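**Q**
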Amino acid sequence: MGAKDTGPSPVSRSVAESGIGTPHRDQDTRFHNTFGNSRTGVALIDLEGAFMDVNHALCEFVGYSKRALRATTLQALTHPDDLEADLALRRMLTEEISSYQTEGRFIHADGYPVWGLWCVSTVCDDGRPAGFLCQVHDISKLKQMQAELIHQTLHDPLTGLPNRSLFIDRLTVALARLERSSNDVAVLFMDLDRFKRVNDSMGHAAGDRLLRAVATRLKESVRPGDSPARIGGDEFTILCEDVRGEAGAIAIAGRITEAMAQPFALDEGDVFSNASVGVAVAKQGDATDPEALIRDADAAMYHAKEKGKGRYELFSPAMHVRSSNRLGNDNALHRAIERGELRLFYQPEIRLETGRIVAAEALLRWAHPEKGLLEPDAFIPTAEEIGLILPIGDWVLGEACRQAARWAESTDKAMVVSVNISARQLPHSELVYTIRDAINESSIEPSHLFLEITESAMMEDADSAISALATLHSLGVGLSVDDFGTGYSSFNYIKTLDVDSLKIHRDFVAGVTRDPGDLAIVRAIITLAKSLGLKVVAEGVETAEQMSAIRALGCDLAQGHYFAPPQPADQISELLERHPHW
Ligand code: C2E
Ligand code: MG
Ligand code: MG
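My numbering applies: residue 79 is where the sequence shown begins, and numbers increase by one.
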């Protein structure tokens, strides 16, 4: 870097007027003999701060030629924020101090600041201060390293976003400022809905890329003054100052969930990862601390996840009550997933025309450490209530597809595997990705997976069920209406539902040989199904008579203890090897 000759405008005051006197050749030579080779920048300045003499190292440091420097003052080169050094000079003049050391910035000839450690001492002439000797060590690199270190301790290395501790600092300041503001402060807590799945199935590098892409999109979807942070694996928080009430915070949360719903283009292809967002707002006069506000937003986020993911929820105090109950009662079920206590049993389905096994329904069991093998009725309602049905349902889908793949490999004819889907899973946009991933990861044919959804689940919110079923169907999987006849479907809806089969509830099947009413219902269901082009499955077949009766009515498939009870997969495999025929 060469020293420039153009510099700050020359000081108007003549050098002769300065306290140190006109520099003459002797003094010049002495200065250069002493400091010329020094690698420390050295300057002799007069009492007003004008440069009398400078060495080469100082010229290099600030990028000016000697001539340019001699025409200016220390103050003119000093960064405006560091001018208090000038005050120290004045204190030296009054002989309060005879030397001082400080860190400060010069403005380099190219316009950027350079950091120096200045050591200034008074130069006396006849016992009176006549000027100053100023030595400047270049500490720009040190300062840069310092700044990087500080940045590193306050930011997340992966996304470059502020980390939890910087977020809390900023929130603390924002809450303190709230006392003087008529606007509110909001904390948004965002958690990705599918991060673990992406990480597990596509690898950590893809997971990292997704997190970076999420951070970028998050920055784009908030307002310029809002500060997003990454506070954990796939958890982000956003501090929004100056929001106008809950409505203002909700508007931001809406924008974020919408932005996150768009696919992320990674090297591996498009990845969908919705985000759930919880919103907590602090108003003037609220005695809230940063940790409490974050905890509220977190509780609201959890609520958003329970309600169907990919959405936002505003915090309400009732959420805390619920989350503490949830933790107390339901730890065992949480642990069941973590400890691998869930099992899938399978029950064969027989094609009545051929008498052969063509499919199996996956039925969940919990191998409880104390209570033994539990049937779904004992724990699925709780799992649905507390939102655990989502991770459980994910596990069931993954496991059932893996088992279907094993059977496809070990038997000559691939078996269709049916999986029960809870009403609580249905509204989640997540479900379609879970199913797609389960199919891809096990490499089964989509048509070898059937989903069973109860009639009442479909009718709970029929309009959205119709669109959810259409999306599921587009994956190529089969769909059945389970427990048909026990709910209240209108014929109109059955016509519009995009399904492949109806499963007649076992109560009707049980009565088919002894109760004319049941027989009439079973016959009506089969006739209805045929006319709509749907297949019919009879469940709960317990006797040879029941089998003959439904076979005579034209029922397509049957399932029940008469053929085989639900049992572990390896027992089904043994059964298949015997090629049973009914
Ligand atoms: P479902 O889908 O209607 O399953 C058929 C039920 O009938 C099973 O009860 C099965 O064991 C029972 N069953 C089979 N053959 C006979 C028979 O000959 N006679 C009688 N009386 N019953 C028979 P299970 O395994 O107790 O499951 C009960 C319900 O729990 C299932 O009804 C299904 O709605 C639900 N379920 C099971 N596994 C899952 C799951 O993985 N996810 C969800 N969401 N629900 C599940
Ligand atoms: Mg079922
Ligand atoms: Mg059923």
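For each residue, glycine too, the CB sits at the ideal point set by N, CA and C. The structure presented is a predicted model; accordingly, all values stated were derived computationally and were not measured.
How about F210 and D320: are their beta carbons less than 9 Å apart?
**A** Counted from its first residue, the sequence shown places residue 210 at position 132. Counted from its first residue, the sequence shown places residue 320 at position 242. Contact: no.
**Q** I need the DSSP call for T180, collapsed to helix, strand or coil.
**A** Taking the first residue of the sequence shown as position 1, residue 180 is located at position 102. Strand.
**Q** Going by DSSP, name the residue or residues bridged to E620.
**A** The residue you call residue 620 lines up with position 542 of the sequence shown. In the DSSP output, where bridge partners are listed per residue, E620 has none listed.
**Q** Do you know offhand how far V93's Cα is from M130's?
**A** Looking up residue 93 in the sequence shown gives position 15. Looking up residue 130 in the sequence shown gives position 52. Confidence is the limiting factor: at V93 the pLDDT is only 35, short of 50, which leaves the residue's position unreliable, though a coordinate-based value still follows. Roughly 8 Å separates the two Cα atoms.
**Q** Which parts of the region 560-598 are runs of the beta strand (DSSP E), unbroken and 3 residues or longer, counting only runs that do not cross its ends?
**A** 579-582
**Q** Is D560 near ligand 2, in the sense that its beta carbon is under 8 Å from a heavy atom of that ligand?
**A** Numbered from its first residue, the sequence shown carries residue 560 at position 482. D560 Cβ: within cutoff of ligand 2.
**Q** Within the continuous alpha helix (DSSP H) that includes D376, where are the two ends?
**A** Looking up residue 376 in the sequence shown gives position 298. That run of the alpha helix (DSSP H) goes 368-385.
**Q** With a Cβ-Cβ cutoff of 9 Å, do L527 and V495 count as a contact?
**A** Within the sequence shown, the letter at position 449 stands for residue 527. Within the sequence shown, the letter at position 417 stands for residue 495. Their beta carbons are under 9 Å apart, which means L527 touches V495 by this criterion.
**Q** Compare the C-alpha of L136 against each of S354, W193, S176 and name the closest.
**A** What you label residue 136 is simply residue 58 of the sequence shown in a count that begins at 1. Closest by alpha carbon: W193.
**Q** Could you confirm whether any beta carbon from chain B is found closer than 9 Å to the beta carbon of M536?
**A** In the structure shown, chain B cannot be found, because there is only a single protein chain.
**Q** Beta strand (DSSP E) containing F267: first to last residue?
**A** In the sequence shown, the residue the question calls residue 267 occupies position 189. Note, F267: beta strand (DSSP E), 262-270.
**Q** Could you check which residue in P235, E226, E313, I309 has the C-alpha nearest to that of D269?
**A** The residue labelled residue 269 in the question sits at position 191 within the sequence shown. Nearest option by C-alpha distance: E313.
**Q** Got a sec, what are the start and stop residues for the beta strand (DSSP E) T294 sits in?
**A** For the purposes of this step, residue 294 is taken as the residue at position 216 of the sequence shown. Run containing T294: none in the beta strand (DSSP E); it sits in the alpha helix (DSSP H), 282-299.
**Q** Output the distance between the C-alpha atoms of G285 and A642, rounded to the nearest integer angstrom.
**A** As a position in the sequence shown, residue 285 is number 207, starting the count at 1. As a position in the sequence shown, residue 642 is number 564, starting the count at 1. In a straight line, the C-alpha of G285 is about 44 Å away from that of A642.
**Q** Suppose the cutoff is 7 Å on Cβ atoms and the five residues either side in sequence are ignored; what does the same chain contact list for E324 look like?
**A** The count along the sequence shown starts at 1 and reaches residue 324 at position 246. Once the five neighbours on either side are set aside, the close Cβ partners of E324 are V359, L392.
**Q** Below 9 Å between beta carbons: does that hold for T489 and L654?
**A** As a position in the sequence shown, residue 489 is number 411, starting the count at 1. As a position in the sequence shown, residue 654 is number 576, starting the count at 1. Yes. Within cutoff.
**Q** Any chance you could list the alpha helix (DSSP H) runs of at least 4 consecutive residues sitting entirely within the region 530-565, in chain order?
**A** 533-538, 540-551
**Q** At the level of alpha carbons, what is the spacing between E181 and A208?
**A** Sequence index remark: in the sequence shown, residue 181 carries index 103 (1-based). Sequence index remark: in the sequence shown, residue 208 carries index 130 (1-based). Distance between the alpha carbons of E181 and A208 is about 24 Å.
**Q** Please classify C318: is it buried, with 16 or more other beta-carbons within 10 angstroms of its beta-carbon, or exposed?
**A** Residue mapping note: residue 318 aligns to position 240 of the sequence shown, counting from 1. Result: buried.
**Q** So, do the region 328-345 and the region 210-228 have three or more beta carbon pairs nearer to each other than 8 Å?
**A** no
**Q** Cβ of A293 within 9 Å of Cβ of T237?
**A** Translated into positions along the sequence shown, residue 293 becomes position 215. Translated into positions along the sequence shown, residue 237 becomes position 159. In contact: A293 and T237 (Cβ atoms closer than 9 Å).
**Q** Does the structure place the region 148-157 close enough to the region 235-249 that three or more beta carbon pairs sit under 8 Å?
**A** no
**Q** With contact counted as at least three CB pairs below 8 Å, one residue from each stretch, are the region 296-305 and the region 377-394 in contact?
**A** The region 296-305 is not in contact with the region 377-394.
**Q** Quick check on the DSSP output: what are the complete alpha helix (DSSP H) runs of length 4 or more inside the region 192-278, in order along the chain?
**A** As far as the region 192-278 is concerned, its whole alpha helix (DSSP H) runs of at least 4 residues are 218-232, 242-256.
**Q** Are the Cβ atoms of T150 and S177 separated by less than 9 Å?
**A** The count along the sequence shown starts at 1 and reaches residue 150 at position 72. The count along the sequence shown starts at 1 and reaches residue 177 at position 99. No.
**Q** Look at the alpha carbon of L288 and the alpha carbon of E508, and state the distance between them as a whole number of angstroms.
**A** Here residue 288 is taken as the residue at index 210 of the sequence shown, counted from 1. Here residue 508 is taken as the residue at index 430 of the sequence shown, counted from 1. Taking the straight line joining both Cα atoms gives about 17 Å.
**Q** Quick one: complete alpha helix (DSSP H) runs, 4+ long, within the region 107-152?
**A** 134-140, 144-148
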